[in-house]
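Q: So the sequences go chain by chain: A and B. Start counting the first sequence at 1; every next residue gets the next number (the numbering used here). Start counting the second sequence at 618; every next residue gets the next number (the numbering used here).
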Amino acid sequence: MMLITFIFFIVGGKLFFLQIVKGKSLQARALDQWTRDVPLKAVRGSILDCNGNELAGCNTTYTLYVRPNATSSVENSARAISQVLNEDYDEILKKISKKGVSEITVAKKLSKQDMQALIDSGIDGIYFGRDIERYYRYGNYLSQLLGFVNADGDGQAGLESYYNEYLKGQDGKELTETDLVGKELSGEISYLPATDGLNLKLTIDSTIQFFAENAVNSALSEYNAKSANCVVMNAKTGAITAMAQAPSFDLNHIDRSDVSSLFSKMKLNAITSVYEPGSTFKILTTAIALSLGVVREEERFYCAGARVVDGKRIRCWKSIGHGSQTFAEGVQNSCNCVFMALAERIGVDRMYQYFEKFGLTRKTGIDCVGETSSILLNKSAVKTVDAARIGFGQAIAITPMQLIVATAAAVNGGKVVTPYLMQAVTDSGGREVIRSYPADRGRVISEQTSATVRRLLKNVVSLGSGKLAGVAGYSIGGKTGTAQKYENGRIAAGKYVSSFIGFSTVEDPEYIVYFMVDEPMGYRYYGSLVAAPYVGQIFSKIFEYKQIKPTEEVIKLTYFEMPDLSDMTAGSAITAVNRLGLHLELSGTGGRVIAQYPAAGEIVNNNSIVLLTLSED
Amino acid sequence: MRSSKSIALNLGVEAQKSILLSQSSFLSRAYRKRNAAIISLTLLLSVFGLVMIYSASSYSANKNFGDEFYYVKKQGVALFVGCAAMAGVSRLDTFVLKKMRYVILAISFVLLGIIFLPGLGMESYGARRWINLGFMTMQPSEVAKFGYVIFAASYLSEKGARRLRDIAAVLLPGAAMCLLIMLEPNMSITMCVMCVIFFMLLAGGISAGKMLLLLVPALLLVPVLILLEPYRLKRLMAFLDPWASPKAEGYQLIQSYYALGRGGLFGVGLFQSRQKYLFLPFAESDFIFSIIGEELGLVGAVVVMCLFATLIFFGFSTAANAKTRFESLLAAGVTFVIAIQTAVNLAVVTGCIPPTGLPLPLVSAGGSSLVSFMSAIGILLSVNRRGSNLQT
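Take a look at the structure:
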């Protein structure tokens, strides 16, 4: 009696534990066996450009499942399926008569019409799953930035990955109540609807992106370069209008077999790699010096081809020297000696203070994966000689995006912007869920100083090394850069980074265009010759596309034949080019001219740039 | 009386006292009331069982036999036969049973032996437990356990359990029966019969020392059996964590848990079980209590347990008020069989002890089980009826 009573109480207690305490969690575990589900994939949100053009979208296809246990006549089903899908009856019959499986995947990637036809045929035991396939409208276009998704539709790279949470949505399910072996019970189907992903509206303008894509592709093939990179940004807001990089890859046909090659092409150089900016950095030295009042525009400097700093002789790029020149001319000539002098006047402490204000000591904060920051010498370790080199863009490594943001601040009136790519996140009805607003990170120089910088840089394009970036009738400012590359701490012979950063209009800068060619092959490696012309091309197309009217007086060009300068002494050749009023670039330090560009007899105009290759002493 | 452990004996003495003390019709009414309660509970549980069998088996019966009433019909026939048997036995003088004790014991052994004859014995799920009678099957062990109770009650009422040879006389046929059932094999019924043997000896007034002498080797036998067939240990221990082997040993218990868990406090409603859709094996027989728990909830399950407890209470009360030592032992033995099998079934379904295949008396589907339990309850009725007749 005692034993039986005892057992009854134990059982009662266990029942209470199972039914009341554990009830919910047991049910949750059991739910899985009570139902069969067909996934309802959420449609991934589209990626749109700033005008609403679709850059990345989704195709919806359907997968056909058959549950033999729920099929009343396998033959009828096979006949209907083979008719709609236009496939062999026997094959289908064999497929769906398989024993011991509760669910068979019969066909994938069906169109909506096929699915409807199968539903209309009235056969039972068939189920459809919705699949989502990502496509990129232009294929090899904006590839590094857009990124791609994996087989499950999750963003793996680029913006697809950065904004995955917004884009992916929430998958749903179609639940059918079944018995142990998968036979349907009541025929009741419950839906857990999928929530489609949100759309991502970018700041990118697909038309301007096309200009940039064309430019990087031509530059890559023309100079057989390692890479060509272009960024177009709104100088006032930081909104990225275009960002192109070659070589690239087709997002619709990704070769996942060669992962290392894919990864190298995927790397967005403009934000993930640092380089020595070279002369483009002089824009910042100019802005700092003017802001501190340590130099005046008309102040005269003398360049003898080199300057001795702390007992060390540092050469100007023009070994015969620029002679006596005003500061403004020094900027035009990109004279290293002038900027060494400025760096000395600024001093290391103030230089680093400004670097921080210009945003060179931290990431720009662009909304994309993989951004890196600059490599700067530790301030306490910077000697005067290092500071002098930093003054003209050496001994410092920054990302192109940091240079673009700092240059934008120098010319837009002194405001440091945060570059951004996402303009808005919208739902399927087009309503904005999230919107980006330009982030102002504070003022670094005064409006007045900025205006002076702009005026000086305008002269670089109208009169100096930036001539080829000019567009007749338009007001453009900018600066070239040609930097030697370092490999294992030494200068790598013949490896250069040629760049140009320009803006327009000078009076009210809106577009800032950065173009960089990494390791152009051949003797024409100067930024003025390699990068500047592409910036000019892009500006001219933007003006046409945006219907921006010319504001400047068009200087009538005179055309003439290029004289033969070969075998002349360096001195007389330089005098001859100066007399023609042409901008000159020199390669080598010797006394004789061994090659010239453009070739003798070619028709040139007074806007052309001449490159003379001198003998090696 | 010497043995304080001997419940039935003490109660029997009380019963004798009560005869001496009172001849009033008040007691006679008490016997009749007891019988009315036992009949009502029996019919209530078995009809309720019929409804639950329909709920638990209609889907699988339709799938396997094309007839959703397949089990209900069989159980209905058995219920009819069971009622007739119960009524018949209740009219029977229990002393006929006492006289025929050796015949009954012999029949029990013959039936258990027939299983092993090819053509008559039926094998299913890897065990020979049934005799195929062509039109129906029967499980001899269901009959044999009551046969043993009748024998033991008869013997012990005459000779007691004080001398070793008397103990042996009661123990040996039981042990032989256990051996035969073990060979089928049917471990759960074997265990039940073993429990019944000890209970009968206890009720028969065995001394504590001798009981221990028997119990210790019996308990030692358990690890030996496990060592002989190690798969048993694995099966035995699976109930502690069924999720360790959800597809094998733990499967059935997990499914039982799912059913109970879904039931909650008030259940999902009659016929609304989800687990009966082939998920829970033996939903209509050994695991019918899981379906009860799922459809009627904790409340329903506890009510069913209370009905059993009440039935068992009246069973023991019958034993306590029996007029003779034989009747007292008989009623106590019959009640104990019902009690131990109910308790073990509930404990298995709720995962308190290792899983064994044992039907829930009166409720689970199974014709021979129902008929033999109802016949046994008929014995209780007969004992009460005689008690009430003596009063008047």
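Glycine residues also receive a C-beta, built at the ideal position from the N, C-alpha and C atoms. Quick caveat, the model's predicted, so the values are computed rather than measured.
Is ARG780 (chain B) helix, strand or coil when you go by DSSP?
A: What you label residue 780 (chain B) is simply residue 163 of the second sequence in a count that begins at 1. Correct three-state label for ARG780 (chain B): coil.
Q: Rounded to whole angstroms, what's the CA-CA distance from LEU175 (chain A) to LEU26 (chain A)? Just pull it up for me.
A: Along the first sequence, one-based indexing puts residue 175 (chain A) at 175. Along the first sequence, one-based indexing puts residue 26 (chain A) at 26. Computed Cα separation, rounded: 19 Å.
Q: Nearest by alpha-carbon distance to SER465 (chain A): which of A:LEU421, A:VAL348, A:HIS583 and A:GLU507 is it?
A: As a position in the first sequence, residue 465 (chain A) is number 465, starting the count at 1. Of A:LEU421, A:VAL348, A:HIS583 and A:GLU507, the residue nearest in Cα terms is A:HIS583.
Q: Let me see if you follow: with CB-CB separation under 8 Å, is GLY950 (chain B) close to chain A or not?
A: Within the second sequence, residue 950 (chain B) is the residue found at index 333, counting from 1. Chain A contact via Cβ: absent.
Q: Using only alpha-carbon positions, find the residue among A:ILE548, A:ASP179 and A:GLU519 that is nearest to GLY473 (chain A).
A: Counting from 1 along the first sequence, the entry for residue 473 (chain A) is found at position 473. Nearest C-alpha to GLY473 (chain A) among A:ILE548, A:ASP179 and A:GLU519: A:ILE548.
Q: Find out if the Cβ-Cβ distance for the pair VAL530 (chain A), ARG524 (chain A) is shorter than 8 Å.
A: Locating residue 530 (chain A) in the first sequence gives position 530, where the first residue counts as 1. Locating residue 524 (chain A) in the first sequence gives position 524, where the first residue counts as 1. Yes, they are a contact pair.
Q: According to a CB-to-CB cut-off of less than 8 Å, which residues of the segment 832-852 of chain B neighbour chain A?
A: none
Q: Return the residue from the list B:VAL919, B:THR973, B:ALA695 and B:ASN938 that minimises the CA-CA distance to ILE20 (chain A).
A: Taking the first residue of the first sequence as position 1, residue 20 (chain A) is located at position 20. It is B:VAL919 whose Cα lies nearest to the Cα of ILE20 (chain A).
Q: Contact check, ILE538 (chain A) vs ALA212 (chain A) under 8 Å by CB: the rounded distance?
A: As a working mapping, residue 538 (chain A) is identified with position 538 in the first sequence. As a working mapping, residue 212 (chain A) is identified with position 212 in the first sequence. With 8 Å as the limit, ILE538 (chain A) and ALA212 (chain A) qualify as a contact, their Cβ atoms being about 6 Å apart.
Q: Listed from N- to C-terminal order along the chain, which residues in the segment 3-23 of chain A have their beta-carbon within a distance smaller than 7 Å of any beta-carbon of chain B?
A: Listed in sequence order: ILE4, ILE7, PHE8, ILE10, VAL11, GLY12, LYS14, LEU15, PHE16, LEU18, GLN19, ILE20, LYS22 and GLY23.
Q: Name, going along the chain, the residues of the segment 412-428 of chain A whose beta-carbon falls closer than 8 Å to a beta-carbon of chain B.
A: none
Q: When we look at the beta-carbon of CYS923 (chain B) and count the other beta-carbons within 10 Å, is it buried (16 or more) or exposed?
A: In the second sequence, counting from the first residue as 1, residue 923 (chain B) sits at position 306. Here CYS923 (chain B) is exposed, its C-beta having fewer than 16 other C-beta atoms within 10 Å.
Q: Spell out whether any CB of chain B is found under 8 Å from the CB atom of ALA30 (chain A).
A: Against the first sequence, residue 30 (chain A) aligns to sequence position 30. By this cut-off, ALA30 (chain A) is an interface position.
Q: I need the DSSP call for LYS622 (chain B), collapsed to helix, strand or coil.
A: Taking the second sequence and counting its residues from 1, the one referred to as residue 622 (chain B) is at position 5. Only weak support exists for where LYS622 (chain B) lies, its pLDDT of 43 falling under 50; the value from the coordinates is given anyway. In the structure shown, LYS622 (chain B) sits in coil (DSSP, three-state: anything other than H, G, I, E or B).
Q: Could you give the residue range of the alpha helix (DSSP H) that holds LYS415 (chain A)?
A: In the first sequence, counting from the first residue as 1, residue 415 (chain A) sits at position 415. Not the alpha helix (DSSP H): LYS415 (chain A) falls in the beta strand (DSSP E), residues 415-417.
Q: Against chain A, does ILE624 (chain B) count as a neighbour if the rule is that its beta carbon must be under 8 Å from one of theirs?
A: Sequence index remark: in the second sequence, residue 624 (chain B) carries index 7 (1-based). Confidence is the limiting factor: at ILE624 (chain B) the pLDDT is only 47, short of 50, which leaves the residue's position unreliable and the question unanswerable from this model.
Q: Could you run through the segment 63-94 of chain A and flag, in chain order, every residue whose CB is less than 8 Å away from some CB of chain B?
A: none
Q: Hey, SER1012 (chain B) and SER999 (chain B): beta-carbon distance below 8 Å or not?
A: With chain B represented from 618 up to 1009, any question about residue 1012 (chain B) goes unanswered, as that position is not in the structure.
Q: Hey, is TYR688 (chain B)'s beta-carbon within less than 8 Å of any beta-carbon in chain A?
A: The residue labelled residue 688 (chain B) in the question sits at position 71 within the second sequence. Not an interface residue.
Q: Run the CB neighbour count on ASP114 (chain A), radius 10 Å, all protein chains shown included, and call it buried at 16 or more, exposed below.
A: Along the first sequence, one-based indexing puts residue 114 (chain A) at 114. Buried, because 16 or more other Cβ atoms sit within 10 Å of the Cβ of ASP114 (chain A).
Q: Leaving aside the five residues before and after GLY169 (chain A) along the sequence, list all residues of the same chain whose C-beta is less than 6 Å from its C-beta, in chain order.
A: Reading the first sequence from its first residue, position 169 is the one you call residue 169 (chain A). If we look at GLY169 (chain A) and ignore the five residues flanking it on each side, its Cβ neighbours are ALA42, THR195, ASP196 and GLY197.
Q: Along chain B, in chain order, which residues have C-beta atoms closer than 9 Å to that of GLN33 (chain A)?
A: Along the first sequence, one-based indexing puts residue 33 (chain A) at 33. The answer, in chain order, is GLN872, TYR875 and PHE896.
Q: Does the beta-carbon distance from ILE731 (chain B) to ARG746 (chain B) come in below 8 Å?
A: Position 114 of the second sequence, counted from the first residue, corresponds to residue 731 (chain B). Position 129 of the second sequence, counted from the first residue, corresponds to residue 746 (chain B). In this structure, ARG746 (chain B) does not lie closer than 8 Å to ILE731 (chain B) by Cβ.
Q: Consult DSSP for TRP34 (chain A) and reduce its assignment to one of helix, strand or coil.
A: As a position in the first sequence, residue 34 (chain A) is number 34, starting the count at 1. TRP34 (chain A): helix per DSSP, three-state reduction.
Q: Between PHE933 (chain B) and chain A, is any beta-carbon pair separated by less than 8 Å?
A: Residue numbering aside, residue 933 (chain B) sits at position 316 when the second sequence is read from its first letter. Yes, PHE933 (chain B) counts as interfacial toward chain A.
Q: Output, in chain order, the set of chain B residues within a Cβ distance shorter than 8 Å of GLN27 (chain A).
A: Taking the first residue of the first sequence as position 1, residue 27 (chain A) is located at position 27. Think of a sphere of 8 Å around the beta carbon of GLN27 (chain A): the chain B residues whose beta carbon falls inside it are TYR875, GLY878 and ARG879, in chain order.
Q: Buried or exposed: ARG619 (chain B), going by 16 or more other Cβ atoms within 10 Å of its Cβ?
A: Locating residue 619 (chain B) in the second sequence gives position 2, counting from the first residue. Because the pLDDT of ARG619 (chain B) is 40, which lies under 50, any placement of that residue in the model is unreliable, and the number read from its coordinates should be weighed accordingly. Classification for ARG619 (chain B): exposed.
Q: Taking C-beta pairs closer than 8 Å, name the residues in chain B that ASP171 (chain A) reaches, listed in chain order.
A: The residue you call residue 171 (chain A) lines up with position 171 of the first sequence. By Cβ distance, chain B contributes nothing, its closest Cβ being about 25 Å from ASP171 (chain A), past 8 Å.
Q: Nearest to TYR597 (chain A) by CA position, among A:ILE375, A:VAL577 and A:LEU463, is which residue?
A: Counted from its first residue, the first sequence places residue 597 (chain A) at position 597. Measuring from the Cα of TYR597 (chain A), the nearest candidate turns out to be A:VAL577.
Q: Any residues in the segment 725-751 of chain B with a beta carbon nearer than 8 Å to a beta carbon of chain A? Which ones, in chain order?
A: Listed by position, the residues of the segment 725-751 of chain B near chain A (Cβ gap below 8 Å) amount to none.
Q: Is DSSP giving GLN958 (chain B) helix, strand or coil here?
A: Here residue 958 (chain B) corresponds to residue number 341 of the second sequence, with the count starting at 1. Residue state, collapsed to three classes: helix.
Q: Sorted by chain position, which residues of the same chain lie with C-beta nearer than 7 Å to GLY391 (chain A)'s C-beta, five sequence neighbours on each side aside?
A: Here residue 391 (chain A) refers to the residue found at position 391 of the first sequence. Once the five neighbours on either side are set aside, the close Cβ partners of GLY391 (chain A) are THR285, PHE339, MET340, LEU342 and ALA343.
Q: Go to VAL66 (chain A), then tell me how far its beta strand (DSSP E) extends in each direction, as first and last residue.
A: Numbered from its first residue, the first sequence carries residue 66 (chain A) at position 66. Its beta strand (DSSP E) spans residues 54-66.
Q: Less than 8 Å between the C-beta atoms of PRO520 (chain A) and SER498 (chain A), yes or no?
A: For this step, residue 520 (chain A) is matched to residue 520 along the first sequence. For this step, residue 498 (chain A) is matched to residue 498 along the first sequence. Yes, the Cβ-Cβ distance between PRO520 (chain A) and SER498 (chain A) is below 8 Å.
Q: Pull out every residue of the segment 899-920 of chain B whose Cβ sits closer than 7 Å to any Cβ of chain A, in chain order.
A: GLY910, GLY914, LEU915, ALA918 and VAL919: these are the residues of the segment 899-920 of chain B whose beta carbon lies less than 7 Å from some beta carbon of chain A, given in chain order.
Q: Spell out whether any CB of chain A is found under 8 Å from the CB atom of LYS818 (chain B).
A: Position 201 of the second sequence holds residue 818 (chain B). It is worth fixing the name first, because residue 818 (chain B) is Leu in this sequence and not Lys. Closer than 8 Å: no.
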